[in-house]
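In the numbering used here, the protein residues as written are 223 to 383. Cβ coordinates follow ideal geometry from the N, Cα and C atoms, glycine included. Input: a single structure, listed below in structure tokens.
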Ligand code: AMP
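Have a look at this one:
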């Protein structure tokens, strides 16, 4: 199954200098979300490609209630609703440590401490409420995201089994 990560797709568009990339970049560099329509369009276009015919994993999307509503409606219309939503639960302190480690590799311009702080604020304000929404739909699985990569991957596999 293809792993469809909107952040990766946006970063690719920025690198290629496409119109989408040019639009996304200023939001990303500020630690803000890219407009909902762009994120939803990107996912739907990707999900329609043949390699996603047997299934797909979304990563980093939906990030807002509006994205969730638009995606859920579009995927339901395609007869392919989300079957599971995996919530990786990681304490704030650990998140900050991980991003600080990633920042030393210099892969991302939005891993600067002040931008990270802002991204976490946006997450709490507009993304975290989705956890309860998906829990009440019965599709949410919340797993402990602290551990080695293998340990957490094992928990994800169990959650999807
Ligand atoms: P990520 O790689 O998931 O941390 O995403 C990096 C950045 O890309 C985010 O801070 C947003 O600016 C943008 N982004 C990724 N996914 C979305 C999304 N679903 N909706 C809006 N913006 C997004």
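Status (buried if at least 16 other CB within 10 Å, exposed otherwise) for residue i
{"i": "residue 300", "result": "exposed"}
{"i": "residue 349", "result": "buried"}
{"i": "residue 293", "result": "buried"}
{"i": "residue 248", "result": "exposed"}
Proximity test, residue i beta-carbon vs the ligand AMP heavy atom, cut-off 7 Å
{"i": "residue 278", "result": "no"}
{"i": "residue 331", "result": "no"}
{"i": "residue 254", "result": "yes"}
{"i": "residue 220", "result": "Here the chain comprises residues numbered 223 to 383, so residue 220 is not present and cannot be evaluated."}
{"i": "residue 328", "result": "no"}
{"i": "residue 241", "result": "no"}
{"i": "residue 250", "result": "yes"}
{"i": "residue 228", "result": "yes"}
{"i": "residue 282", "result": "yes"}
Coil, strand or helix - residue i by DSSP
{"i": "residue 383", "result": "coil"}
{"i": "residue 225", "result": "strand"}
{"i": "residue 304", "result": "coil"}
{"i": "residue 240", "result": "coil"}
{"i": "residue 339", "result": "helix"}
{"i": "residue 394", "result": "Since the first residue of the chain shown is 223 and the last is 383, residue 394 is not available in this structure."}
{"i": "residue 233", "result": "helix"}
{"i": "residue 329", "result": "coil"}
Contacting residues, own chain, Cβ-Cβ under 7 Å from residue i (five flanking each side not counted)
{"i": "residue 288", "result": "258"}
{"i": "residue 235", "result": "242, 243 and 246"}
Bridge partner(s) assigned by DSSP for residue i
{"i": "residue 364", "result": "309"}
{"i": "residue 280", "result": "226"}
Beta-carbon proximity list for residue i, same chain, < 6 Å, skipping 5 on both sides
{"i": "residue 226", "result": "268, 278 and 280"}
{"i": "residue 307", "result": "356, 361 and 362"}
{"i": "residue 353", "result": "309"}
{"i": "residue 290", "result": "284 and 352"}
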